[in-house]
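Peer 1: One structure coming up, written as structure tokens, with questions to follow.
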């Protein structure tokens, strides 16, 4: 079950890293979910992923902050004049809550040192 949770977190992070420009001709619904929900949710999960895996080589995944930041920038710019600007911010805080839960739960995914 632990490996499934880590795989799910890694899958969310990798899907969220698809740039918005690559998804213009893709399904619109999936691109909206990616830009406004998955990208803000994946930032805290990407931050905690090397600690969950317990291996320092996974810090190379921090390179994925660049496309995630680009997606967040696109979402803020496109929603700047809209009432829905809170959606990425809400999912960013949900991601931080999930990160804290994974760090502090008794059935934690952290490796025992």
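Residue numbers (this note's numbering): 1011 to 1123. Glycine residues also receive a C-beta, built at the ideal position from the N, C-alpha and C atoms. As the structure is a prediction and not an experimental result, all values here were calculated from the model.
Work out the CA separation of residue 1067 and residue 1095 for me, nearest whole Å.
Peer 2: Working through the chain shown from its first residue, we reach residue 1095 at position 85. Working through the chain shown from its first residue, we reach residue 1067 at position 57. Spanning the two alpha carbons is a distance of roughly 35 Å.
Peer 1: Can you name, in chain order, every residue of its own chain whose Cβ lies under 7 Å from the Cβ of residue 1048, other than the five neighbours on each side?
Peer 2: Translated into the one-based positions of the chain shown, residue 1048 becomes position 38. Closer than 7 Å at the Cβ level, and outside the excluded window around residue 1048, lie 1022, 1025 and 1026.
Peer 1: Return the CA-CA distance between residue 1074 and residue 1108, expressed in angstroms with no decimal places.
Peer 2: As a position in the chain shown, residue 1074 is number 64, starting the count at 1. As a position in the chain shown, residue 1108 is number 98, starting the count at 1. Roughly 19 Å separates the two Cα atoms.
Peer 1: Quick check on residue 1095: does DSSP put it in helix, strand or coil?
Peer 2: Reading the chain shown from its first residue, position 85 is the one you call residue 1095. Residue state, collapsed to three classes: coil.
Peer 1: Since residue 1050 contacts residue 1082 with CB under 8 Å, what's their CB separation in whole angstroms?
Peer 2: Here residue 1050 corresponds to residue number 40 of the chain shown, with the count starting at 1. Here residue 1082 corresponds to residue number 72 of the chain shown, with the count starting at 1. 6 Å between Cβ atoms; contact.
Peer 1: Do you know offhand how far residue 1084's Cα is from residue 1046's?
Peer 2: For this step, residue 1084 is matched to residue 74 along the chain shown. For this step, residue 1046 is matched to residue 36 along the chain shown. Between residue 1084 and residue 1046, the C-alpha separation is close to 9 Å.
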